Amino acid sequence: MTPHNTHAGEDTSFRKIHLNNDAENERLRKEHHYTGNRVVTSKYTLVSFLPKMLFEFFRVIANCYFLLISILQVATPWSPTNQYTTAGPLLVVLLVSMVKQGLEDKKRHDADEIQNSRLCKVLGRHGETVVKQWQDVCVGDILCLSDREEAPADVFILSTSEEEGRCFVETCNLDGETNLKRRTAIEQVAKHIGFRQLNDPPLPETDHCKSMMTFTAMMEYELPNNRLYNFTGRIEFEGGKGLPVETVPLGPSNIILRGCSIRGCAYIFGVAIFTGPETKLMQNARATPSKQSNVYKMVNWCILLVFFTQALLCIISTICNAVWVHRYESRLWYFGKASSHESFAEVVSFFTFLILYNNLVPISLYVSLDMVKVLQAKYIARDDEMCYEGKHTIARTSDLNEELGQVEYIFSDKTGTLTRNIMEFRKCFVRGISYGFGTTEIGRAVAELSKKAKANTSGGDTNNNDDLDKVHDPRDAQIEFDPMIHFDDPRVVGALDANTDAAAGIDEFLTILSVCHTVIPEANKDGKIEYRASSPDEEALVKAAKCLGYNFLTPAPVIDLKVTKKCGTSTMRTYTILNVNEFNSTRKRMSVVVRTQENRYFLYCKGADNVMLPRSRPDEFTSTLEEELKRFASEGLRTLVLSSKELSEEEYFVWDAKYQAAVTSLVNRDEMLADVAEVLEKEMKVVGATAIEDKLQEGVPGAIFNLAQAGIKIWMLTGDKEETAINIGHACRLINDTMRLLIINHEDLGKLTAQVDALYQSNDVQSHIKSKKVSSHLAIVCDGKSLVHVFPPKNVTDPELEAKAKDLAKKLLEMASICQALIACRVSPAQKADIVNLVRFRSPKKVITLAIGDGANDVNMIQSAHVGVGVSGQEGVQAVNASDYAIAQFRFLERLLLVHGRYNYRRVSKVILYSFYKNVALVIALFLFNFHNGQSGTSVFESFVMAGWNFFLALPIIAIGVFDEDVAPDQVLLQPKLYIPGQQNSDLNMQRFSLWIVNAIIQALLCFLMTVHGIVNLADLSIALYLQGTIIYSVLLMSANIKVVLETLSWTKFNVAFFAYSVFLFFAFVIIFQYFGDLGADLLGVTFRMLGSPVYWLYMLLVPFTANVLDICLKYIQTNYFPTLVNILRERSVLHLSSAQVACEPPKNNDAKSVVERPSFLSPLPGSVAASYSGFAFSSPEHDHHVAESETHDISTLKVIQFHRGEVLRSGKLQSFHSQTRLESARALDNDKHQVVVSDMDHDGCEKGIEDLEGN
């Protein structure tokens, strides 16, 4: 069979195309429905916009409710109000939503059009170039892509302009990584088109094009899928005259994916294999999972309660109506003869009242919340306190703003999230000798811990002179000095220069660092070589080898290595890379097979110690190596073990045959390659080990400590080994030396079960589980190999294993729930997501979870949590793109949660409660009026005035939702315990909602009764229905506005403006609307009669105030006799004339003093800080919140009390904030600032107040 035979018996499990056979490709495209290259990311089309929009709008239960009411009003004669008073506002809300969605989708359409209209070059039948739009490219087209040009489709490389058919691609549009990846044409294919050997002259482009169009072949490859880093296929072509058909495998190194840029190559020829929606980029373009705020779920319960209340009111009114009609229908002439005999009189009456009371559900609620949340998100993004190197916080969604104020669990990646992900080569071990002086900040912390332990046991002096902080000049230790590398041991280059016994081992060690990698050197604009690496670790190792004299110059497959010694002599070495066994998270190692200039074959391998040492031969240095690896790990250094193995030529070719069979396989290629690599990667010789430092980010220890004080449990999930993870946990204050670590690390299921059972049954654990209290002295450390049994693969069907896994997960979760912290080491990306899901879905209490990470391996975890936070660091943008919020540094998470999250939760809660409160007050007035009109269902308010209720009162509560602050941001950060009420749903729960509803009913009752009975004998104000109704309406409106004033805790110019505009809007409306012809006819003459009456203005002043007297009294009693921590802090602020700033506005004083120096009145209050942390010295440049002793806290509190009492007494007032006993206690401070002398009664009073503070 030739490569061009097709038709009969085609296998549909693979895709086929033919090179330079347009007719056959056209047939295949039609038969197998290959998609075009037009990409659509928009949500709607002109046809689908209306039905899709209506479907999404009416998925909200409240909107369906208002649609039902609108239909009843418009389609039946049962409405007691104007038939459009509900349909009108609903239509406005719908139109606003449609405009919003339409504008957003138009941006998507415009972006799609720009992308689809981009131009590219396609080769014609005779080698000429034809310019096409991207959307016109088809599968089978031969593309010519130039340097820095993006691929319009997934392309298989046929030939390139460069030596050995190579090119490089930048994948930042795909995965956010800016490092270059090497791609190559297959040599056997490229030789038929145009192939340059090393040092060959450039190919003539015209001849190259013509040669391209004469080459014919058939490709068979995998169907479209979303696996970015995998590709399998083969190409068949005629080998030449008299030669059989050749079959060559295709792999991911021969593919350029859509969106990738060509680099380091004049041009390439490639065939389009996947287009449009079938490209791997678009196959991965899934929307972030839809997340609903926990507060919105509470709103749904509130709406259900309101529906029940509305039904109850309708039933009561219907029954009363039936009783009233039955009693009076025979006496009153206007009933007629048939009113009581209608079949559905009660049904009609029920629906009449349902329409009348429909405002019980606020139609403006969701619109108000959307506006508030959008503005909140903008303020988060504008906060200059969360800006690092020009990167501000990004709020990718506004739906979860309040969720940030309720987080109980934080799951954090380590590398790049807690650390900087900027790797630096610090130490190494070669043939029994450890090189590298000094230590890390983590090493210093461990040393302090060790000294403290010795002091506790011996009680002696531990100030021994160690070598931890010896300083050496790195210039003496490096050949090519790099100021960014602090390796400072001159023995390495000295041994090479003197050719000592250690020189051979060091030479092999540095050779492996220079050769065993996938780094690509690229010249920058200045002509200097820069390294592009797939990971910071690899870049750090290659740079370290360079500074030690082993300069990597040219990329694989032929590597030129310049070796320079301290004396200045240089030699050039050449290594040919024959095979690469790539790194992955399962293998945890990579290896290359190289051929030297002397035609010798070597396997060079590097990887994690737990996979390298079992595959290497033990020698006299093995035990020393293991000890050094532990020492490196104790200093928080990331370690790799390097090994080598020399191969005979025969041994290599036997193995290479197996490798080629695996790499050409179309089925299970990755598994086969792993098996082949395993055959070779054994019985290796250990060459040495490297130790790389990844420093903590600035401010991490302080941020973690304060978040823990806020009641948040922090779990660190990392791929590092156990020792490294524990010591980094110490350094960042996640754990401390007073904690008992519960270690879970057995790989065997039986041993793991026994280990977990022993920990679970321990007295310490059981006592906390029974008391349901979190221990500050317990932390869990678990290993990924153990978690395999807790989270078994999904294909496990053994019921016994599933039962054991569930039992282990249950016990692990129970133990973790009473521990302050958890560290999971050696975990995979899938296990990270499993841990998050375990807490999110299986915790007895429905806790709010937050996951934070910076790399592609954190995406699953970020999307699994309630709130996902991405860190814009060194590992691309995949984590940021998958997140809900993006920050530049981990320390900003403290402000994001404790300040913005807390504020937004409280603000949104007030918006929701007030929205229901004001509408309940309005409906209760209507309900009460029915007892004055024979339960006829008549409205006391004019229809359009009543419809304007939500509009008149919308702006003041929106101002609260955006700007309100109870405590200044600095005080919030100093008092992390202020965050705890959000975790407990203290501001929005059914109890609090019910209290607001009861309050609304009481206020409506007072406003209605006082107004109705007050003006009943006033002829000027009681002669007309809507005159009386508008007065009642005005009083209710002002009462609701006073409620806003009482709930506003910080006044800004926006609060004042919105409040004034709200009042102005009402009066302007009632004055102007009466002139709107038939629509305003019912108000004609009403407004001026009402506004012209002095009694009306008296009622406007007195009645709303009277209705709110209960609120005012309760707030006064609570603030003065049962003060919370918030009340104390607010009074402190007022007493020191320090007005609270809006959280997102920069300080008015921009000098350093205003940022660093905190005024004394911001000192922590009692109960706000747990046991002090000791034993570590942290070098991170930050301003930690120091922990004072308890006596100092008491003094601070009493000083505030004393100051306040002094101010009150000087002003001649007798009111008291605290009891007289507290005053006497405070006065004792004048005699002794360090000792508080109080009577038993005084002490009890103080302690009771402090307990109240802590409890609240």
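If you read the sequence shown in UniProt numbering, its first letter stands for residue 1, the second for the next number, and so on.
Just so you know, even glycine gets a beta-carbon here, dropped at the ideal spot from N, CA and C.
Since the model is a prediction, treat every value here as computed from it, not as a measurement.
- Listed in chain order, the alpha helix (DSSP H) elements of length 4 or more contained wholly in the segment 1022-1103 are 1025-1047, 1053-1072 and 1086-1091.
- Note on geometry: alpha-carbon atoms of residue 1108 and residue 413 lie some 50 Å from one another.
- DSSP places residue 421 in the strand class (E or B) of the three-state scheme.
- About 7 Å separates the Cβ atoms of residue 628 and residue 689, confirming a contact at the 8 Å cut-off.
- Note on the segment 114-151: whole beta strand (DSSP E) runs with a minimum of 3 residues are 119-123, 129-133 and 142-146, in chain order.
- Within the same chain, 229, 230 and 231 come within 7 Å of residue 252 by CB-CB distance, once the 5 residues on both sides are set aside.
- In this structure, the alpha-carbon of residue 1032 lies about 29 Å from that of residue 299.
- Assignment of alpha helix (DSSP H) within the segment 300-387, counting only whole runs of 4 or more residues, yields 345-356 and 365-382 in chain order.
- Contact annotation: residue 160 and residue 260 have beta-carbon atoms that are not nearer than 8 Å.
- Remark: C-beta atoms of residue 915 and residue 364 approach each other more closely than 8 Å.
- With fewer than 16 neighbouring CB atoms inside 10 Å of its own CB, residue 22 falls in the exposed class.
- Every alpha helix (DSSP H) of 4 residues or more that sits fully in the segment 195-282 is shown, in chain order, as 205-214.
- Between residue 272 and residue 131, the beta carbon gap of about 15 Å keeps them out of contact (Cβ cut-off 8 Å).
- Residue 1097 is classed as exposed because its beta carbon has fewer than 16 other beta carbons within 10 Å across all chains shown.
- Around the beta-carbon of residue 660, fewer than 16 other beta-carbon atoms lie within 10 Å, marking it exposed.
- Beta-bridge pairing by DSSP links residue 617 to 685.
- Shown here, residue 979 sits in a helix according to DSSP, grouped into three states.
- Annotation for residue 582: no beta strand (DSSP E) segment contains it, and DSSP assigns it neither H nor E.
- For residue 885, the pairing in a beta bridge is given by DSSP as 395 and 869.
- For residue 643, the enclosing beta strand (DSSP E) covers residues 638-647.
- Judged by their CB atoms, residue 954 and residue 1036 are not nearer to each other than the 8 Å cut-off.
- The beta carbon of residue 787 lies closer than 6 Å to those of 831 in the same chain, with the five residues before and after it left out.
- Going by beta carbons, residue 734 and residue 821 fall inside the 8 Å limit.
- Its chain contains 694, 695, 696 and 697 as the residues whose beta carbon lies nearer than 7 Å to that of residue 419, once the 5 sequence neighbours on both sides are disregarded; these appear in chain order.
- For residue 780, the enclosing beta strand (DSSP E) covers residues 775-783.
- The secondary-structure analysis by DSSP pairs residue 551 across a beta bridge with 562.
- Across the set 512, 532, 377 and 527, the C-alpha of 532 shows the shortest separation from the C-alpha of residue 521.
- For residue 900, the closest of 741, 967, 268 and 931 by C-alpha to C-alpha distance is 967.
- In the three-state reduction of the DSSP assignment, residue 408 falls in the strand class, which pools E and B.
- The criterion of a C-beta distance shorter than 8 Å is satisfied by residue 897 and residue 404.
- Residue environment for residue 63: buried (at least 16 other C-beta atoms within 10 angstroms of its C-beta).
- In the DSSP assignment, residue 160 falls within the unbroken beta strand (DSSP E) covering 154-160.
- Here residue 64 carries a helix assignment [DSSP, helix/strand/coil].
- If one requires a minimum length of 4 residues, the alpha helix (DSSP H) runs lying completely within the segment 463-517 are 474-477, 491-498 and 503-515, in chain order.
- Beta bridge pairing from DSSP links residue 715 with 411 and 822.
- Taking a C-beta distance under 8 Å as the contact criterion, residue 558 and residue 573 do not qualify as a contact pair.
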